[in-house]
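The numbering used here puts the first residue of the sequence shown at 16, with every later residue one more than the last.
Quick notes on the structure that follows.
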Amino acid sequence: MGLCYGGGTKKIIAYTIIILGPAGSGKSTFTKQVKMLHSCNNLELEEYRTVLQKNVISGLAELIKIAEINAYPINSTNLKYARRILDLEANFEYPENGMDKVVNDLWMDNAIQEAWKKANLEMSIQVTNLDFLVKKISDYNNVNYVLTKEDILCSRLRTTGYTTTEITTENNQIWKLIDVGGQKREREKWFSIVPKDTKAYIFFVALDEYNTFSIEDPNITKLQLAVNIFGETVNSAEFGSICPIVFFNKTDKFKEKISSEKGWVEFQKHFPDYKGDATVENAGNRISKEFVKKFDKGNLQVYFTCALDTEMMKTIFELVQKYLLIQSFEASGLF
Ligand SMILES: Nc1nc2c(ncn2[C@@H]2O[C@H](COP(=O)(O)OP(=O)(O)O)[C@@H](O)[C@H]2O)c(=O)[nH]1
Ligand SMILES: [Mg+2]
């Protein structure tokens with residue numbers, strides 16, 4: 016069982032779950048969903064305005080570089096806008112008059128659209144939901160516009176160190192979620208921050224990374240890197256006795272990718288043994304097998320998720336909570 020606080024008949028049990036996974040897989044987005052579902056007041060919406068503006072600038076700058084490398088010609092009337100975006104990326108100061116036009120015109124440029132397509136099919140750009148953010152740039156630049164939950168969920172802010180979120184359920188259980196950073200340097204910290212009362216860890220995997228390569232190790236795909244990190248985690252002294260749960264995330268991006276001809280050819284190239292169809296369920300299960308292989312201590316709990324989908328994440332988190340409660344009761348002989 017977890018820690019017990021209080022006395023009498025009212026027992027409050029603290030369950031700690033640590034959220035692991037490579038950078039950009041959706042850990043913080045899930046944490047934000049949990050915070051929003053439990054109306055945690057430490058999620059300051061307004062703080063995200065600059066984050067969203069910066070996301071638009073850095074996302075477009077990434078596309079400009081992809082266009083340059085691939086010799087997609089940016090329309091001559093938009094070149095000055097491309098230079099402005101690259102300048103802003105290097106030296107951020109925002110907003111300024113006329114930025115909406117710079118962003119919108121550049122986004123509509125054929126070369127940038129080609130770069131966006133390429134980024135989605137063959138790479139994975141840092142700002143996953145740039146298409147959503149770009150269309151809302153005039154809102155983000157308008158101080159009277161109140162940021163929405165969707166804006167916050169689509170934003171991207173790299174996590175360093177870790178953050179702890181504590182929620183109390185209707186039946187007085189306290190659940191603590193620890194969200195960590197996923198970059199290599201951040202992963203080294205995972206092993207020293209796992210508290211003794213940790214019940215489980217949720218390991219996030221971005222399904223759409225089956226054909227994108229990692230800067231950490233350009234010889235393997237980001238998905239393979241996730242498999243390796245998962246293998247190291249389940250076999251480590253620190254996490255070896257803690258229950259792993261895998262969230263195969265970004266099912267929306269995965270669906271989009273395997274539904275395209277090129278994306279599907281790439282999937283078959285990376286999984287030549289796979290003879291099934293291009294559905295999230297079946298192709299996702301093929302990916303899941305790589306993780307199941309790494310875990311030989313029982314049935315691995317896996318879920319297919321889209322961290323942007325609030326209803327889905329609410330249902331899945333409740334299932335995870337039920338599963339962990341049953342595990343706890345079984346372990347304590349109460350069931
Ligand atoms: N389309 C889509 N975007 C997602 C999903 N999960 C996370 N993202 C986006 O991916 C980016 C990285 O997510 P984040 O939670 O910061 O990843 P972390 O590094 O693992 O914490 C953010 O821009 C999120 O909005 C998902 O399921 N679908
Ligand atoms: Mg994060």
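Heads up, the beta-carbon is just placed ideally off N, CA and C, and yes, glycines get one too.
Since we're looking at a predicted model, the values are computed, not measured.
Three or more Cβ pairs closer than 8 Å define a contact, and the stretch 74-89 falls short of that threshold against the stretch 255-274.
With a contact defined as Cβ atoms closer than 8 Å, residue 110 and residue 159 miss out at about 13 Å. Between residue 338 and residue 122, the alpha-carbon positions lie close to 45 Å from each other.
Fewer than three beta-carbon pairs drawn from the stretch 31-44 and the stretch 118-132 are found closer than 8 Å, and the two stretches are therefore not classed as touching. In its chain, beyond the 5 residues on either side, 263, 264, 265, 266, 269, 299, 302 have a beta carbon closer than 7 Å to the beta carbon of residue 222. Here residue 93 has 120, 121, 124 as same chain residues with Cβ atoms under 6 Å from its own Cβ, once five neighbours each way along the sequence are excluded. Residue 312 and residue 252 have their C-alpha atoms some 14 Å from each other. Remark: the shortest separation between the CB of residue 102 and any heavy atom of ligand 2 does not fall under 8 Å. Distance from the C-beta of residue 42 to the nearest heavy atom of ligand 2 is below 8 Å. Pairing residue 333 with residue 118, the inter-Cα distance amounts to about 40 Å.
In this structure, residue 319 lies away from residue 305, with their beta-carbon atoms at least 9 Å apart. Its Cα nearest to that of residue 238, the residue 37 stands out among 277, 307, 314, 37.
Excluding sequence positions up to five before and after residue 193, its CB lies within less than 6 Å of the CB of 33, 177, 179, all in the same chain and listed in chain order.
The three-state reading of DSSP puts residue 344 in helix, counting H, G and I together. Within the stretch 181-251, the complete alpha helix (DSSP H) segments of 4 residues or longer fall at 199-208, 237-249, listed in chain order. Rounded to the nearest whole angstrom, the C-alpha separation of residue 166 and residue 47 is 12 Å. The closest heavy atom of ligand 2 lies 8 Å or more from the beta carbon of residue 176. Between the alpha carbons of residue 70 and residue 346 lies a gap of roughly 45 Å. Residue environment analysis places residue 234 among the exposed positions, since fewer than 16 neighbouring C-beta atoms fall within 10 angstroms of its C-beta. By DSSP's assignment, residue 81 forms no beta bridge with any residue. In this structure residue 202 is buried. Its beta-carbon is surrounded by 16 or more other beta-carbon atoms within 10 angstroms. With fewer than 16 neighbouring CB atoms inside 10 Å of its own CB, residue 85 falls in the exposed class. Annotation for residue 140: no alpha helix (DSSP H) segment contains it, and DSSP assigns it neither H nor E. Linking residue 141 to residue 226 through their CA atoms gives a straight-line distance of about 15 Å.
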